[in-house]
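Take a look at the structure set out below.
Residue numbers (this note's numbering): 21 to 376.
Structure representation (structure tokens):
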């Protein structure tokens, strides 16, 4: 009797779609699970279909010669200099080029502007990166955005509030969860969260994970989250305002019970936190411990002590987005929107002290 995907799925106790993606080489599936499924398929002597293709082969077949936009929306050019942002875009561009797609790069900081290069080009699909604060992208009305809403779409790094399409992003809730667990395991029972962008989607998710993990452990978290005077507007810029973070650090130092361990919303925020603490004669890793996320090496290379952070694998996110776009374009009638989460990896430095 011929072995089917259903047979393998039942033996592995997973869905048929998971088996299918593993056998096609989808890199999103965890290594352990993929090895288990391939082992079962081998033992059952599964031969597969002649047309079964790996993820890379599917991307090449689907995207070769097709026109694909790689577009940023509502982001200032200074934001594109952040290593995480640049790596995600580079990963997507490299994967599109490898697949033989005709790539159209376009930067649209002003959602109301005309993007003539995009408007003249017929697009088969788009990989988008957008400002992750507020819902301006979802509510904006322009010929360009109306057209993008009708095009096969995968967002990278995060999907702006109320927007359309699939998304490949880091698991920001896991970042917050693991940061809290890391601090608590090292004896920190008074925690703080520093964030000058309270409505930033990714930062909110990190906060959610941080608060939930601390609550499960019976540990209190003080939130130091406040927009700078005048707030934030599009095109969005990176958090480089020293004064904004200094105000949050001063709030922390005035708090009745001062935290001993902080999660900074991102490495850019951690860098400013180091600076603010040093200006107040406080030493990271001795007086206050700091952990962060993104592994933006260009930002944190000069920090002392070396920052403990989480690598969110931005380049891999960009590459996976192209694979997901190929899946979406190969089966445009597939129901639902897909969210693929990439697990963060701890990069341990010396910025978190062990308390006894």
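The beta carbon of each residue, even a glycine, is placed where N, CA and C say it ideally should be. Since this is a predicted model, take the numbers as computed values, not measurements.
Original post:
Among 197, 127, 262 and 56, which one has its Cα closest to the Cα of residue 164?
Top reply: 127
**OP:** Look at the alpha carbon of residue 29 and the alpha carbon of residue 312, and state the distance between them as a whole number of angstroms.
**Re:** 38 Å
Original post:
For residue 131, is the beta carbon positioned less than 7 Å from some heavy atom of the ligand SAH?
Top reply: The ligand SAH is absent from the structure shown, which contains no ligands of any kind.
Subject >> Same chain, Cβ closer than 8 Å to residue 325, five either side skipped, listed in chain order >> reply: 304, 305, 369, 370 and 371
Subject >> Element boundaries [beta strand (DSSP E), containing residue 229] >> reply: Going by DSSP, residue 229 is part of no beta strand (DSSP E) but of the alpha helix (DSSP H) stretching over 221-236.
Subject >> Alpha-carbon to alpha-carbon, residue 265 and residue 289 >> reply: Rounded to whole angstroms, the gap between the alpha carbons of residue 289 and residue 265 is 7 Å.
**OP:** Go ahead and label residue 146 buried or exposed: buried means 16 or more other beta carbons lie within 10 angstroms of its beta carbon, across all protein chains shown.
**Re:** buried
**OP:** Could you tell me the distance, in whole angstroms, from the CA atom of residue 269 to the CA atom of residue 211?
**Re:** 13 Å
Original post:
According to DSSP, is residue 319 helix, strand or coil?
Top reply: It is helical.
Original post:
Are the beta-carbon atoms of residue 116 and residue 88 separated by less than 8 Å?
Top reply: yes
Original post:
For residue 175, which beta-bridge partners are listed by DSSP?
Top reply: 148 and 187
**OP:** May I ask you to report which of helix, strand or coil DSSP gives residue 118?
**Re:** Under the three-state reduction of DSSP output, residue 118 falls in the helix class.
**OP:** Grab me the residues of residue 271's own chain with a C-beta within less than 7 Å of its C-beta, minus the 5 sequence neighbours each way, in chain order.
**Re:** 244
Subject >> Sheet register partners of residue 127 (DSSP bridge) >> reply: As computed with DSSP, residue 127 is found in a beta bridge with 92.
**OP:** Quickly, what does DSSP pair residue 311 with across the bridge? List them, please.
**Re:** 283 and 328
**OP:** Starting from the Cα of residue 142, find the closest Cα among 154, 367 and 172 and give me that residue.
**Re:** For the residues 154, 367 and 172, the minimum Cα distance to residue 142 belongs to 172.
Original post:
Is it true that the segment 110-124 meets the segment 60-67, where meeting means three or more beta-carbon pairs spaced less than 8 Å apart?
Top reply: no
**OP:** Have a look at residue 39 and residue 52 and give me their C-alpha separation to the nearest angstrom.
**Re:** 13 Å
Subject >> Residue of 23, 41 and 362 minimising C-alpha distance to residue 347 >> reply: 41
Original post:
Run through DSSP, which three-state label would residue 240 get?
Top reply: strand
Original post:
What three-state label does DSSP hand residue 344 in the structure shown?
Top reply: helix
Original post:
Thinking C-beta only, is residue 25 closer than 8 Å to residue 36?
Top reply: yes
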